[in-house]
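Residues 23 to 453, numbered by this note's numbering, are exactly what the sequence shown covers, in order.
Think of the CB as a built atom: it goes at the ideal place given N, C-alpha and C, for glycine as much as any other residue.
Take a look at the structure below.
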Amino acid sequence: MHLSDEEKAMYDGRDGPAVQKAMDLLMRYGEALGAERLVETRNVCATITSTTPFQRDFALAKGGGMDAVFSEFSLDSQETVEIPKFKVFTSHLQLGFDPGQPERMGVSEEIVRFYEKSERHAAGLGAQIMNTCTPYQVGNIPTRGEHCAWMESSAVVYCNSVLGARTNTEGRESTGAAMLTGRIPYWGYHLDQNRRATHVVELEIEVESVQDWGLLGYYIGEHVQERVPVVHSRRGISRVPNLPRLKHFGAAASSSGGVEMYHIAGVTPEALTLEQALGGKAPVEVLRYGEAERRATYEKINTTGKDAEVQYVMLGCPHYTIEQIWEAAQLIEGRKVHPSCELWIFTPRAIKSLADRNGYTKIIEDAGGIIMGDSCSAMSRAMPKGTKTVALDSAKQAHYLPAILGVQAWFGSTAECIDAACTGRWNGGYA
Ligand code: F3S
Numbered sequence: 023m024h025l026s027d028e029e030k031a032m033y034d035g036r037d038g039p040a041v042q043k044a045m046d047l048l049m050r051y052g053e054a055l056g057a058e059r060l061v062e063t064r065n066v067c068a069t070i071t072s073t074t075p076f077q078r079d080f081a082l083a084k085g086g087g088m089d090a091v092f093s094e095f096s097l098d099s100q101e102t103v104e105i106p107k108f109k110v111f112t113s114h115l116q117l118g119f120d121p122g123q124p125e126r127m128g129v130s131e132e133i134v135r136f137y138e139k140s141e142r143h144a145a146g147l148g149a150q151i152m153n154t155c156t157p158y159q160v161g162n163i164p165t166r167g168e169h170c171a172w173m174e175s176s177a178v179v180y181c182n183s184v185l186g187a188r189t190n191t192e193g194r195e196s197t198g199a200a201m202l203t204g205r206i207p208y209w210g211y212h213l214d215q216n217r218r219a220t221h222v223v224e225l226e227i228e229v230e231s232v233q234d235w236g237l238l239g240y241y242i243g244e245h246v247q248e249r250v251p252v253v254h255s256r257r258g259i260s261r262v263p264n265l266p267r268l269k270h271f272g273a274a275a276s277s278s279g280g281v282e283m284y285h286i287a288g289v290t291p292e293a294l295t296l297e298q299a300l301g302g303k304a305p306v307e308v309l310r311y312g313e314a315e316r317r318a319t320y321e322k323i324n325t326t327g328k329d330a331e332v333q334y335v336m337l338g339c340p341h342y343t344i345e346q347i348w349e350a351a352q353l354i355e356g357r358k359v360h361p362s363c364e365l366w367i368f369t370p371r372a373i374k375s376l377a378d379r380n381g382y383t384k385i386i387e388d389a390g391g392i393i394m395g396d397s398c399s400a401m402s403r404a405m406p407k408g409t410k411t412v413a414l415d416s417a418k419q420a421h422y423l424p425a426i427l428g429v430q431a432w433f434g435s436t437a438e439c440i441d442a443a444c445t446g447r448w449n450g451g452y453a
């Protein structure tokens, strides 16, 4: 792989052993991918902190040092090296639990203290403790064409498709190396030719609500897998999808398939037209999305939903926007969560502060629900005790929770989910 003089200097140890190891890792990774060179990045999103008993025991065995944990888990180095401050702007993604709710999440105080130590270490190195799968909601909004190194599939697909920035789905090790060097292999979605649409999805029905966009995303992911779709409507997209809609759409497409980049003709930045999205080439396939496809997708996502009694309603996958919390607060105001059910809503900490100030947290808590940060049930494997059936407004979470926690899942609109929380029953249905 070709290295610039600056990269050679880092590789030769000019900036110390941690940066040298980071460059070595990037070289091995880039060569395995067939990348010819690295590209500069000033924007990394990653998981850095430690939240598991295994990492705690590892740190203890290594004398308690967080540098040992970073060396092993973020640099693939069994030798402990001193970790210098990060070279580039680095945002912390979600965790395995909300440290403010250890009991609810089934986490011991000891693990929370260990986590807090690792958070202080990461912050001290320069990480922004955003603790969300939606960094683009809380201050990390890369610009079009900006090269990034991001983890988290729902964030990656938003970054590429909606913002027009460029990233592959990175891992803990490659992002660890990127934050120390400001480099990432130049391949995949960093390159123009890989960002062009391969599949056209022709809309034959209106796609309007958040639930509609989740269904469409799930359908597309299943059919195109890891290829690049462009959504097109001959009549034009009558209502431009907003942030919550695109957030749910991309998260669904990256769950049922491996979509990391999509276009919506006339909406997303690299698809002013269908032709631009396709880059002048013929599509590999044209799919038609009409009422039959929508219904079949709805039934597929709801395959596990059998029992009407619902013990748990989880909202906030990907983490809720302030608009979605506002909507949930309006839907639940004056009602009460049923005694046999719990309502947990997940959002970035910064948005929770806004919800506190706006009075939405109080409305939701007065009704018996709770707003949490930092994690979600799929990440934490946590849900209320005795949960057999869960109600969700996220196709992504409905895809994962039955597989991860062995529960039944109902997928529907936010209003149907709030109603399930207040009645303890699923009264939703295809609409
Ligand atoms: Fe975020 Fe958890 Fe969903 S990390 S995208 S809320 S699975």
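Whole-Å CB distance - residue i paired with residue j, under 8 Å assumed
{"i": "residue 1", "j": "residue 118", "result": "Outside the displayed span of the chain (23 to 453) sits residue 1, for which this structure offers no information."}
{"i": "residue 274", "j": "residue 251", "result": "12 Å between Cβ atoms; not a contact."}
{"i": "residue 121", "j": "residue 40", "result": "At roughly 27 Å, the Cβ-Cβ gap does not stay under 8 Å, so residue 121 and residue 40 are not in contact."}
{"i": "residue 246", "j": "residue 279", "result": "6 Å"}
{"i": "residue 88", "j": "residue 139", "result": "7 Å"}
{"i": "residue 108", "j": "residue 148", "result": "4 Å"}
{"i": "residue 383", "j": "residue 415", "result": "So it is not a contact: roughly 19 Å between Cβ atoms."}
{"i": "residue 270", "j": "residue 243", "result": "That belief does not hold up - the Cβ atoms of residue 270 and residue 243 are roughly 12 Å apart, past 8 Å."}
{"i": "residue 311", "j": "residue 224", "result": "7 Å"}
{"i": "residue 113", "j": "residue 150", "result": "5 Å"}
{"i": "residue 124", "j": "residue 134", "result": "5 Å"}
{"i": "residue 266", "j": "residue 346", "result": "5 Å"}
{"i": "residue 60", "j": "residue 208", "result": "6 Å"}
{"i": "residue 199", "j": "residue 47", "result": "5 Å"}
{"i": "residue 307", "j": "residue 221", "result": "5 Å"}
{"i": "residue 386", "j": "residue 354", "result": "6 Å"}
{"i": "residue 400", "j": "residue 323", "result": "With a Cβ gap of about 15 Å, residue 400 and residue 323 do not count as contacting."}
{"i": "residue 84", "j": "residue 63", "result": "That pair is no contact at about 29 Å."}
{"i": "residue 370", "j": "residue 153", "result": "7 Å"}
{"i": "residue 259", "j": "residue 289", "result": "6 Å"}
Beta-carbon contacts of residue i that lie in its chain and below 6 Å, excluding the five residues immediately before and after
{"i": "residue 368", "result": "338, 341, 394, 398"}
{"i": "residue 99", "result": "43, 93"}
{"i": "residue 335", "result": "365, 413, 439, 442, 443"}
{"i": "residue 404", "result": "127, 128"}
{"i": "residue 296", "result": "254, 287"}
{"i": "residue 249", "result": "220, 221"}
{"i": "residue 301", "result": "218"}
Chain-order list of residues whose beta-carbon lies under 8 Å from that of residue i (same chain, five-residue window excluded)
{"i": "residue 179", "result": "272, 273, 275, 276, 281, 282, 283, 284"}
{"i": "residue 173", "result": "67, 68, 69, 115, 191, 192, 193, 194, 197"}
{"i": "residue 361", "result": "446"}
{"i": "residue 317", "result": "452"}
{"i": "residue 227", "result": "311, 312, 313, 316"}
{"i": "residue 175", "result": "191, 273, 276, 277, 280, 282"}
{"i": "residue 33", "result": "25, 42, 45, 46, 49"}
Assigned exposure category for residue i - 16 Cβ within 10 Å defines buried
{"i": "residue 65", "result": "buried"}
{"i": "residue 71", "result": "buried"}
{"i": "residue 214", "result": "exposed"}
{"i": "residue 459", "result": "The requested residue 459 is not part of the displayed model; the chain covers only 23 to 453."}
{"i": "residue 303", "result": "exposed"}
{"i": "residue 143", "result": "buried"}
{"i": "residue 204", "result": "buried"}
{"i": "residue 264", "result": "exposed"}
{"i": "residue 36", "result": "exposed"}
{"i": "residue 433", "result": "buried"}
{"i": "residue 24", "result": "exposed"}
{"i": "residue 268", "result": "buried"}
{"i": "residue 419", "result": "buried"}
{"i": "residue 79", "result": "exposed"}
{"i": "residue 132", "result": "exposed"}
{"i": "residue 136", "result": "buried"}
{"i": "residue 379", "result": "exposed"}
{"i": "residue 408", "result": "exposed"}
{"i": "residue 182", "result": "buried"}
{"i": "residue 425", "result": "exposed"}
{"i": "residue 449", "result": "exposed"}
{"i": "residue 327", "result": "buried"}
Nonlocal neighbours in the same chain, by C-beta distance under 7 Å from residue i, ignoring five residues either side
{"i": "residue 329", "result": "410, 411, 430"}
{"i": "residue 358", "result": "389, 390, 444"}
{"i": "residue 229", "result": "235, 238"}
{"i": "residue 186", "result": "166, 167, 291, 292"}
{"i": "residue 141", "result": "71, 151"}
{"i": "residue 57", "result": "23, 207, 208, 209"}
{"i": "residue 350", "result": "337, 367, 386, 436, 440"}
CB contact check: residue i to chain D, cutoff 8 Å
{"i": "residue 420", "result": "Judged by its chain identifiers, the structure shown contains no chain D, having just a single protein chain."}
Which full runs of the alpha helix (DSSP H) of 4+ residues lie inside the stretch 312-398, going along the chain?
313-323, 344-354, 371-380, 382-388
Curious, which full-length alpha helix (DSSP H) runs of at least 4 residues does the stretch 224-271 contain?
232-246
Start-end ranges of the alpha helix (DSSP H) lying completely within the stretch 118-204, minimum 4 residues
131-147, 175-183, 194-203
Kindly provide the ranges of any beta strand (DSSP E) runs that are 3 or more residues long and lie completely inside the stretch 84-123, ordered along the chain.
111-114
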